[in-house]
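**Student:**
Rendered as structure tokens:
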């Protein structure tokens, strides 16, 4: 159904058909004219309905719109629809057009990719010989990862699942999430039976495949479709539980190479990009060549050798339920292709990992990561899933060729022994060099086929050129972002459209995210190259805020609260570097320049430093140069051995604001009486300006430490608890109770997650250690500042702690400090801007809320920045600036609103003072705390009252929103003054134009091109004005009417019918 179709469209269409039937039977001139008139009316109503529907659709994008609805509407506005037309396939000389034939043809093509016949005969011989040796996974003893699953693991798996289409069984994730506790227990019992009995449900082996055409490919070729498999959500839930245990063991044992960055916690594609950029920068400063090869492994997932995967796990020492489940998971895989409502026959996937399964990615990474161990040490390499890149540098090109050819031969040998094939046509070689002398490009062969040498390569989304200028990448990004700006242009209008907050969200998601990607690498380009992206940033901010091109960019940044791109790149680069330091065994942490190379960079300052050195300079400017980052070990506790944590709350049910402190003291004394056999220890953290500290109070001693100023109070509370546990460890006493007033710290400790605070992770580790030694520890929450002596003492010593505690800082605290420091740098730059019209109004860079009505927000933003159509139109039309006839100076917003004596009476009326400032106007026009009431409505009411008092009320009325039946178009006769306010204006949404005599005389001769529209409460207008012809001044009506009729196209929003303006 068309969204713009309404009853008016339906009725007019019926009338058109009716008149057409009359004209067809009685073809007279009168009937022909009636039919033509009805046809024109249908066209006018349809266009008007389409425009109104589009305006309502775009205006519905507000700051309260959910991300899901926002993306849905953005895709709809961009013309992106999910539709699949049944193709016509050609296989040889046969054409398939029936849906069932198409499904079977696609299924046969997908099955052939992973069939044994697709392998080379040499590998088939190796495969058959190896598979004669069975892999015996029988475990002699019970290994921890083979324990039965717990409810915590099932709940975690369900919480991390995204809503996807169901598999053959029709069970969805929503069904599983809404199961009650009893049903979840039964489900967990089923999973544990599958796990311990080492069986696998036969239905879980099957999948439904949806063919999706690859972008830019021929739809008639069956191999140009990507198979998207829909497997059982019940199976994927269990896979997610098994995968968590598998990943934990692989990471703990170090089975996966640190140079593999794909689908690992704390790792990303940025790791590979930074490693490559660092290698090229170091080669440039040494004035060496660097040759890099980017490999394309054909059908790597579909041709993965399953026995090779299982044998790799066997070599890693996996035994028992886990490897047996993986063996059953990989065996006997089948699928059916669905085309429309037609299903193909069952096809067998002989080899390869199942597409669409949770475990497939992990087992494939385990398998393919072994390729890195077969490369010589003289060759640099990194891997992201199956995107392999190797490089070698030196001054002698022949030596580089020999080294790389040796590495390529070893890769080809490994691929031949594991069923993979490297495509020499799709692989690429890039020779990075800045030497001006003539030299030949390297010649590297794969199976006697040379690898093409190119000047630039797109690697993991970033284009690397041979001189590392990143100009091709930035030009590519500029073109992409320029096209994406059309989305913002479509969704934004100055008089209607999505509000500024929604537009900024769309800009950040669609355009800025593209600019962000890889900026820590391409941010090393020259400033003249990077400035090309600034134009995209500025254009997007102008569209979102509705400002003119003449508006200063510094004002755009502050108005939209968006960092300049150079500061934004610094923020992303520094945060990535700090994040990498918090991940154990991260390859970026080993990119330290040797002394000789550091001296070389100092001697050749024209060479750009590698990423790690640039990031260290940024941290040095932020006073974070010597700060060590605390490791975030994601694999401290296995999911089947999560330490249990609980705490007491003796004050539950009492509100602090309505309860006397003596009551809480009595409750605490009663609590202490119950736990008198436990030694009390009080902990507290404190943060004030320039001081962060923590304190521990025990019956025998007190401890206090000062922490770094960038620590949060939450970290201080956790450090206090950690210090208390360390003090307990050597004690002979075994019963302790720890009191803290931080409920957030206790809640964090009781809800374990992989993203838990690193200090909380340390606390849980020490707690488990102490419990294993026989300690009985209880945690209890106490209220602060209610007279509990131990808590008050801990608070005092924490506030005055002086002994510095040297310890690493968590990433979250450093991130907050770094962002705050960048905002301070931005504020300092904003303070240095001179001759800026926005700075007197907004000296702080803090966020200003946007008005909910797009038109009001645009006009207020233009007034704040000082660039309006009236004051700066001459720059577009190549005219002289408008001058004030009274003061003989150029018109500015400040002059009109503050300085010009011609508007003195209006200032006195609205502000009770003839001398006002821009801050007074800003306060007057800013919405109040209640979002339902704003000063704009009060201002409109004052204007109506003022117009009624001076007899200068003129009312603009158009047929775009007709309040009563009447002819469309044409000038309104003055006799139509006599109207009913209830019938004509009560439901209208047009705004009365108020023109007192003094204001009319000054403005009307200048022929303004636009008047303000907005929503008005016409019942209030009726009560205030009591409209009658005797209070409407004819001179004002004549002046306004002549001006509006000359600029009706700009004054009244366009519609399908004639936009007649009526003065009532």
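In the UniProt record's numbering, the protein residues as written are 1 to 1064.
Virtual Cβ for every residue (Gly too), placed ideally from N, Cα, C.
(1) Going by DSSP, which residues form a beta bridge with residue 781?
(2) How would you call residue 526, buried or exposed, if buried means at least 16 neighbouring beta carbons within 10 angstroms?
(3) Is it true that the CB of residue 775 sits closer than 8 Å to the CB of residue 1067?
(4) What would DSSP say about residue 711, mapped onto helix, strand or coil?
(5) With DSSP as the reference, label residue 4 as helix, strand or coil.
(6) Nearest-angstrom Cα distance between residue 298 and residue 272?
(7) What residue range is occupied by the uninterrupted beta strand (DSSP E) comprising residue 289?
(8) Is the beta carbon of residue 610 closer than 8 Å to that of residue 258?
(9) Please list, in chain order, all residues of the same chain as residue 268 whose beta carbon is under 8 Å from its beta carbon, the five residues on each side excluded.
(10) For residue 1067, report the span of its alpha helix (DSSP H) as first-last.
(11) Near residue 607, which residues of its chain fall below 8 Å by C-beta distance, leaving aside the five closest residues on each side in sequence?
(12) Quick one: grab the DSSP three-state call for residue 666.
(13) Can you tell me whether residue 144 is buried or exposed? The criterion is at least 16 other CB atoms within 10 Å of its CB, across all chains shown.
(14) Return helix, strand or coil for residue 365, following the three-state DSSP convention.
(15) Check the DSSP bridge columns for residue 689 and list the partner residues they point to.
(16) Check whether the region 863–875 touches the region 568–576, counting contact only when three or more Cβ pairs, one atom from each stretch, lie closer than 8 Å.
(17) Specify the secondary structure class of residue 90 as computed by DSSP and reduced to three states.
(18) Taking the beta carbon of residue 1043 as the centre, do at least 16 other beta carbons fall within 10 Å, making it buried, or is it exposed?
(19) Kindly indicate which three-state DSSP category residue 1027 falls into: helix, strand or coil?
(20) Between the region 390–410 and the region 148–165, are three or more C-beta pairs nearer than 8 Å?
(21) When you compare each of 364, 113, 382, 371 to residue 347 by their alpha carbons, which one comes out closest?
(22) Name the DSSP bridge partner or partners of residue 392?
(23) With C-beta atoms as the reference, is residue 303 less than 8 Å away from residue 352?
(24) Mind checking which residues open and close the alpha helix (DSSP H) that includes residue 611?
(25) For residue 489 and residue 878, I'd like the C-alpha separation in whole angstroms.
(26) Looking only at its own chain, which residues have a Cβ that is under 7 Å from the Cβ of residue 770, when we skip the five neighbours before and after it?
(27) Measure how close the beta-carbons of residue 99 and residue 339 come, nearest whole angstrom, since I'm counting them as under 8 Å.
(28) With C-beta atoms as the reference, is residue 307 less than 8 Å away from residue 131?
(29) What does DSSP give as the partner residues of residue 464 in its beta bridges?
(30) If I measure Cβ to Cβ from residue 127 and keep anything under 8 Å in the same chain, skipping five residues before and after, which residues do I get?
(31) Kindly indicate which residue of 414, 422, 381 has the alpha-carbon position closest to the one of residue 403.
(32) Can you give me the Cβ contacts of residue 376 inside the same chain, cut-off strictly under 8 Å, excluding the 5 residues immediately before and after it?
(33) What is the DSSP secondary structure of residue 886, reduced to helix, strand or coil?
(34) Can you confirm whether the region 780–800 touches the region 641–649 when touching is taken to mean that 3 or more C-beta pairs between the two stretches lie within less than 8 Å?
(35) Hey, residue 47 and residue 9 are a contact pair by Cβ (cut 8 Å); roughly how many whole angstroms apart?
(36) In three-state terms, what does DSSP make of residue 354?
**Tutor:** For this structure:
(1) Bridge partners of residue 781: 740.
(2) Exposed, since its Cβ has fewer than 16 Cβ neighbours within 10 Å.
(3) Nothing can be reported for residue 1067: it is not among the residues displayed for the chain, which extend from 1 to 1064.
(4) Residue state, collapsed to three classes: coil.
(5) Coil, per DSSP.
(6) Going from the Cα of residue 298 to the Cα of residue 272 covers about 21 Å.
(7) Start and end: 289–294.
(8) No.
(9) Around residue 268: 261.
(10) The shown model of the chain, from 1 to 1064, leaves out residue 1067, and the question about it has no answer.
(11) For residue 607, where only same-chain residues beyond five positions count, the Cβ hits under 8 Å are 281, 284, 285, 601.
(12) Correct three-state label for residue 666: helix.
(13) Counting Cβ neighbours within 10 Å, residue 144 comes out exposed, since fewer than 16 surround it.
(14) In the structure shown, residue 365 sits in a helix (DSSP, three-state: H, G or I).
(15) Looking at the DSSP assignment, residue 689 forms no beta bridge with any residue, so it has no partner.
(16) Because the criterion of three Cβ pairs below 8 Å is not met, the region 863–875 and the region 568–576 do not touch.
(17) It is a strand residue.
(18) Since pLDDT at residue 1043 reaches only 45, below the 50 mark, its modelled position is unreliable, and no value is offered.
(19) Caution applies to residue 1027, whose pLDDT of 39 falls short of 50 and renders its modelled position unreliable; the value that the coordinates give is listed next. In the three-state scheme derived from DSSP, where H, G and I count as helix and E and B as strand, residue 1027 is classed as coil.
(20) Counting C-beta pairs closer than 8 Å gives fewer than three between the region 390–410 and the region 148–165, which falls short of the contact rule.
(21) Ranking 364, 113, 382, 371 by Cα distance to residue 347 puts 113 first.
(22) Paired residue(s): 291.
(23) Yes, the Cβ-Cβ distance between residue 303 and residue 352 is below 8 Å.
(24) Here the alpha helix (DSSP H) through residue 611 covers 611–621.
(25) The alpha-carbon separation between residue 489 and residue 878 amounts to approximately 25 Å.
(26) Cβ-Cβ distances below 7 Å link residue 770 to 725, 728, 729, 777 in the same chain, with the five nearest sequence neighbours on each side left out; the list follows chain order.
(27) The C-beta distance from residue 99 to residue 339 rounds to 5 Å, short enough to meet the 8 Å contact threshold.
(28) Yes, these two residues count as a Cβ contact at 8 Å.
(29) Residue pairing by DSSP places residue 464 opposite 457 in a beta bridge.
(30) A distance below 8 Å between beta-carbons, with the five flanking residues on each side excluded, links residue 127 to the following residues of its chain, in chain order: 116, 119, 305, 307, 419.
(31) Comparing Cα positions, the closest option is 381.
(32) Once the five neighbours on either side are set aside, the close Cβ partners of residue 376 are 403, 406, 407, 410.
(33) Coil, per DSSP.
(34) Yes, since at least three Cβ pairs between the region 641–649 and the region 780–800 fall closer than 8 Å, the two stretches touch.
(35) The pair is not a contact, with the Cβ atoms about 10 Å apart (cut-off 8 Å).
(36) It is coil, neither helix nor strand.
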